[in-house]
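Worksheet for the structure shown next.
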Amino acid sequence: MGSSDRGRGVRQALRIVLNPGIYVGVLAVALLILVAYQARPSYEVTFGGPTDGPLLRGFNTAEVAGGPTPTTFRWTRGDSWIVLQDVGQQDFDMVLSANGWRPPGQPPARLRIEAGGKTLLDTAPAPAPADYRFSVPRDAVHSGTLVLHLVSNAFIPPNDPNPRPLGVSVTRLKVTPGTAPERFIAPPADIWGWLVVAAGLLGLTLSLLGWGVGGIALGTSLVGVLAAWLLVLDRLWLTSQGWYVTWPQSVSVAILVVLLLWLVGGWLLRLGGMRWSPWQRRAFLTMLMLAFAVRLAGELHPQIFIVDLVFHQHRLHQVETGQLLFTIKSAEWGGHDTFYLPTAYVFMLPFRWLFTDQLTHIKLFNVALGALGAFPVFYLARKAMDDGRAGLIASALYLMLPIAVLPLSWGVTSNLFGEFFALCSLAIAVGAYPNIRPNRPAFWALLFTLLIALLSHPGVVQLTGVAFAFISLLWLVSRRIIAARRGAVWTLASLASAAVLAYMFYYSHFAADMINTLQQIQAERAAQAKPGVLHLKIGGSVADASLGLVVRYVDNWRDWFLGGLRGFWQEAQAYYCVWPLPAAILGYVLIWPPFTREASISRSFRILHSAFRIWNIPHSAFRTCLVLAAVGWALAVVIFAVAGWLLNLYVRYSLFALPVVALGAGILLSGTWRKCRYGPLLTMMLVLLFAVQALALWQYRITYAFK
1 MGSSDRGRGV
11 RQALRIVLNP
21 GIYVGVLAVA
31 LLILVAYQAR
41 PSYEVTFGGP
51 TDGPLLRGFN
61 TAEVAGGPTP
71 TTFRWTRGDS
81 WIVLQDVGQQ
91 DFDMVLSANG
101 WRPPGQPPAR
111 LRIEAGGKTL
121 LDTAPAPAPA
131 DYRFSVPRDA
141 VHSGTLVLHL
151 VSNAFIPPND
161 PNPRPLGVSV
171 TRLKVTPGTA
181 PERFIAPPAD
191 IWGWLVVAAG
201 LLGLTLSLLG
211 WGVGGIALGT
221 SLVGVLAAWL
231 LVLDRLWLTS
241 QGWYVTWPQS
251 VSVAILVVLL
261 LWLVGGWLLR
271 LGGMRWSPWQ
281 RRAFLTMLML
291 AFAVRLAGEL
301 HPQIFIVDLV
311 FHQHRLHQVE
321 TGQLLFTIKS
331 AEWGGHDTFY
341 LPTAYVFMLP
351 FRWLFTDQLT
361 HIKLFNVALG
371 ALGAFPVFYL
381 ARKAMDDGRA
391 GLIASALYLM
401 LPIAVLPLSW
411 GVTSNLFGEF
421 FALCSLAIAV
431 GAYPNIRPNR
441 PAFWALLFTL
451 LIALLSHPGV
461 VQLTGVAFAF
471 ISLLWLVSRR
481 IIAARRGAVW
491 TLASLASAAV
501 LAYMFYYSHF
511 AADMINTLQQ
521 IQAERAAQAK
531 PGVLHLKIGG
541 SVADASLGLV
551 VRYVDNWRDW
561 FLGGLRGFWQ
571 EAQAYYCVWP
581 LPAAILGYVL
591 IWPPFTREAS
601 ISRSFRILHS
611 AFRIWNIPHS
621 AFRTCLVLAA
631 VGWALAVVIF
641 AVAGWLLNLY
651 VRYSLFALPV
661 VALGAGILLS
671 GTWRKCRYGP
681 LLTMMLVLLF
691 AVQALALWQY
701 RITYAFK
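Just so you know, we're using my numbering here: the sequence shown kicks off at 1 and counts up by one.
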């Protein structure tokens, strides 16, 4: 490299680092945090509730007191602590609701509360619920964090099957700002420092991606806007156990993923016969980085509960020890043993050395799988419409629809893994058609991604196999429209080859046992069945009343039919907010040949064509292949939805439908943007609405899901 090239590289690096937008944004973040800390919110800790865990040390497990209005509570131990981290140095007035009752024969309860070396309360709690008031002076709040030390004369109840020290039962702590004159509250140094670091990293990356001064300043200040909003409205959600420390970590990992995709993304798109412009790359990578960082930070929040996380930790441990063939107890198989594929965990192993904590490793893997699927969606929509906006809108929907957020709290690692590779298979099959044949790399790439998808999660295996069988057959019977049969034949051949290889590598070890298990299940169902009595499940595979998803059993055909339809409607609401489903269908209709080639329009379609003529989209074989592939994919989803309804055996078909729904709705919105007067405003408002809704849903799932 010559001296002129080195000099040019240094100047370019300096322009990136010294961009004024970075420093304006960081200053805005610091000021927003400073101003937010002048607010003096009140706090209420409900002991035994869904949000108290990160605040407590040395308390017993949550319990529920019966009665007309059940109340949650916890027992203290001899030494227990309540930590209100980074609330700011100020004085507080507090009310603790406690009960000093003890069984006969135990000494009367004593309770002392200390903070900062000062005794705030020393009392003998009455053997009945009562409120105890005390004040906390400003100098007892060290470094902006209030630590209440509860000391009691604990006892161990006799004949307790789980011996544990019990002090005083507490139900509620109310914390309000003191009545002393307000004084300036300095933000704790830690929270100020970590959030400024996160903002600086974000601003530096935005500068690297090529945004202007205004865009960088605005993007960087978003860290401060979000932090200030939480500091004012829900301070402990941000500060408990120093969650803000994970913000720079999450941004750093998101930056690494984005830079990697920057390096290989253009090459992958060129292989697919497409290029992205600088602004498309900048906008897509920025959106992906923000989504990745927000999701990963949420996965690291101290309040989150991820349903299947420990299950996957055990499977990862088995694979680490060299055990690749194992079974699990499956509810879908009536509690019998069934195989569970190790492929997802095998893919984790090369990165295992980066993490000392298996749970963090699995969380990051889930976030990466859920976010990177936006890239093939961007490619398909961008190429279908020859418009970068289509790719950006479709990938935004893929990241923001409710069904894209929910799996992060479910922790369905194997499902996310399999569906990512199924989506990659879709992008390869559609993008390379009709050039899929053994003498082209696309055939072998498709064979590999299909093989991995068929070795992922049992439900995804079935959905993928049926979807690509339908796609291949639709391409075969539509050869007059897409004018190529060879690609369909070789796509079907790649699916068959992947299925044979998957059987040889894995399924052959379990085939005989699974046949025996099926026979046992059939025999058990026959023995349990009562003539003339129905016992059918409706409502889908996920029971979550907070989402409107209620799973129940019915005993007559009328309730089964109406309840099943209601269940599908509730799933459409919970997973997709309904409208993207018909929007996706309409989007595919708009690019289907009968509506894009006027010469081929039958008389029955003329009215529809005249209504859609505003789009004026020319015919494209790629669009035709995409529509047929989406139809095949959707048919697989519908078949498994109906099969689950009929057989009480549900798979996550709603999650599998996400890519084609996002693609179709994105195509419709991009056409609306281009051809309708208020299309840009409508589209931006819808995307913004989904972004806000996704953030709200993610916060709700972190705080309350399954608690």
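Don't be surprised by glycine CBs; every beta carbon is placed ideally from N, CA and C.
For a test of the three-state rule: what should DSSP assign to residue i, helix, strand or coil?
i: Lys-363; result: helix
i: Arg-164; result: coil
i: Leu-669; result: helix
i: Asn-435; result: coil
i: Gly-100; result: coil
i: Ile-16; result: helix
i: Gly-214; result: helix
i: Ile-538; result: strand
i: Pro-278; result: helix
i: Ala-130; result: strand
i: Glu-299; result: helix
i: Ile-639; result: helix
i: Pro-70; result: coil
i: Thr-596; result: With a pLDDT of 47 at Thr-596, under the threshold of 50, the modelled position of that residue is not reliable, and no figure is offered here.
i: Leu-401; result: coil
i: Leu-93; result: Note that residue 93 corresponds to Asp in the displayed sequence, not to Leu. Asp-93: strand per DSSP, three-state reduction.
i: Ile-328; result: strand
i: Thr-76; result: strand
i: Ala-115; result: strand
i: Asp-139; result: helix
i: Thr-356; result: coil
i: Ser-152; result: strand
i: Ser-602; result: Note that Ser-602 has pLDDT 49, beneath the 50 cutoff, so the model's placement of it is unreliable and no number is given.
i: Val-147; result: strand
i: Leu-649; result: coil
When we look at the beta-carbon of residue i and count the other beta-carbons within 10 Å, is it buried (16 or more) or exposed?
i: Glu-44; result: exposed
i: Ile-22; result: buried
i: Pro-438; result: exposed
i: Thr-683; result: buried
i: Gln-303; result: buried
i: Gln-89; result: buried
i: Gly-203; result: buried
i: Trp-211; result: buried
i: Ser-546; result: exposed
i: Met-289; result: buried
i: Leu-626; result: buried
i: Gly-563; result: buried
i: Val-264; result: exposed
i: Val-321; result: Going by the sequence as given, residue 321 is Thr instead of Val. By the neighbour-count rule (16 or more Cβ atoms within 10 Å), Thr-321 is not buried but exposed.
i: His-142; result: exposed
i: Thr-413; result: buried
i: Ser-654; result: buried
i: Pro-188; result: buried
i: Phe-284; result: buried
i: His-149; result: buried
Could you give the first and the last residue of the continuous beta strand (DSSP E) run that contains residue i?
i: Tyr-340; result: Segment: none, Tyr-340 is in no beta strand (DSSP E) and carries neither H nor E.
i: Leu-682; result: Looking at the DSSP string, Leu-682 is not in any beta strand (DSSP E); the run it does join, the alpha helix (DSSP H), is 679 to 704.
i: Val-550; result: No beta strand (DSSP E) holds Val-550; DSSP gives it neither H nor E.
So, is the C-beta of residue i closer than 8 Å to a C-beta in chain B?
i: Arg-652; result: In the structure shown, chain B cannot be found, because there is only a single protein chain.
Cα-Cα, which of the options is closest to residue i?
i: Ala-643; options: Ile-667, Gly-539, Ala-572; result: Gly-539
i: Arg-558; options: Ser-221, Trp-579, Leu-536; result: Leu-536
i: Asp-308; options: Ala-254, Lys-363, Asp-337; result: Lys-363
i: Val-245; options: Ala-694, Pro-125, Ser-97, Ala-297; result: Ala-297
i: Asn-99; options: Thr-69, Ala-65, Gln-249; result: Ala-65
i: Asn-415; options: Ala-381, Glu-299, Phe-443, Val-461; result: Val-461
i: Ala-427; options: Phe-375, Thr-123, Arg-652; result: Phe-375
i: Ala-344; options: Pro-163, Val-319, Ser-97; result: Val-319
Could you pull the start and end residues of the alpha helix (DSSP H) that residue i belongs to?
i: Val-251; result: 246 to 271
i: Val-310; result: 309 to 320
i: Thr-239; result: 235 to 239
i: Ser-620; result: Ser-620 -> no alpha helix (DSSP H), and no H or E assigned at all.
Exercise for the section: Identify every run of the alpha helix (DSSP H) within the region 492 to 529, keeping only runs that are complete inside it and at least 4 residues long; order them along the chain. Expected result: 511 to 528
Problem - Those runs of the alpha helix (DSSP H) which lie wholly inside the region 562 to 593 and span at least 4 residues - result: Those alpha helix (DSSP H) runs which fall completely within the region 562 to 593 and span 4+ residues are 580 to 590.
Exercise for the section: Would you list, in sequence order, the uninterrupted alpha helix (DSSP H) runs of no fewer than 4 residues that lie entirely inside the region 407 to 487? Expected result: 413 to 432, 441 to 453, 458 to 477, 479 to 482
Exercise for the section: Any chance you could list the beta strand (DSSP E) runs of at least 3 consecutive residues sitting entirely within the region 16 to 66, in chain order? Expected result: DSSP assignment within the region 16 to 66 yields the following whole beta strand (DSSP E) runs of 3 residues or more, N-terminal first: 43 to 46, 56 to 59, 63 to 65.
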